[in-house]
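In the working numbering, the protein residues as written are 55 to 260.
We put the beta carbon where it would ideally sit given N, CA and C, even for glycine.
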């Protein structure tokens, strides 16, 4: 768990690789549905374009359908974000542990506003941290990179406000269940060794 732009995707990919877990990103699943114009995608777009969270019922259905029949263990990235989502997840499947990335809002805004995406491939660049060889052009195709609407600074601030107001109860919920472990920092490369050590102490890699 963590606010948008906290580095959940980066950390999740490393966890999935190190511990051989299927990685289910709620954001990726939503973007796939939006790009395909499905019913869920059309509904979700009305909310994400305004920096709002997608309704609980839609998200719960999306996630439960995705994990149905999957491995015994899996990694959820970006879900749950609200208390009803967390309770619905607990009612349907077990949760072993919850990792929370505690990253300052100012760091997130600076990080996201420089992000550029090549939509056809999903390749992500950053003006400062991972710039393309030619400014604003994809390295492989030369096609234009765009800034996603939900990456504009004003939208990011709104997303952070919604995240902080709706997700704090989720963190409290998992803390009471003794499942929450928070890691504070600004760089994924600094947070990752701490998270890896913690998870190695919790689970085997078999």
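Of the candidates 98, 234, 194, 77, the residue whose Cα lies closest to the Cα of residue 129 is 77. Runs of the beta strand (DSSP E) lying entirely within the stretch 159-235, each at least 3 residues long, are 169-172, 177-180 in chain order. Annotated three-state conformation of residue 257 is coil, per DSSP. Annotated three-state conformation of residue 152 is strand, per DSSP. Here DSSP, grouped into helix, strand and coil, assigns residue 238 to strand. In the three-state scheme derived from DSSP, where H, G and I count as helix and E and B as strand, residue 118 is classed as helix. The DSSP-derived three-state label of residue 83 is helix. Shortest Cα-Cα distance from residue 134 to any of 79, 200, 211 involves 79. Taking C-beta atoms as the reference points, residue 112 and residue 220 fail to come closer than 7 Å. Ranked by Cα distance from residue 163, the options 60, 197, 55 are led by 60.
In terms of Cα proximity to residue 110, the closest of 121, 98, 127, 171 is 98.
Contact between residue 225 and residue 69 fails: their C-beta atoms lie close to 19 Å from each other, not under 8 Å.
For residue 143, no beta strand (DSSP E) run applies; the uninterrupted alpha helix (DSSP H) run containing it begins and ends at 137-146, by DSSP.
Nearest to residue 141 by alpha-carbon distance, out of 65, 230, 92, 165, is 230. Look at the beta carbons and you see the stretch 79-89 not touching the stretch 179-198: under three pairs across the two are nearer than 8 Å. In this structure, 126 is the residue among 106, 218, 102, 126 with its C-alpha nearest to the C-alpha of residue 75. Per DSSP, reduced to three states, the secondary structure at residue 78 is strand. Boundaries of the alpha helix (DSSP H) around residue 97: 93-102. In this structure residue 139 is buried. Its beta-carbon is surrounded by 16 or more other beta-carbon atoms within 10 angstroms.
In this structure, 156 is the residue among 178, 156, 104, 58 with its C-alpha nearest to the C-alpha of residue 244. By the beta-carbon neighbour count (other beta carbons within 10 angstroms, threshold 16), residue 83 is buried. In the three-state reduction of the DSSP assignment, residue 245 falls in the helix class, which pools H, G and I.
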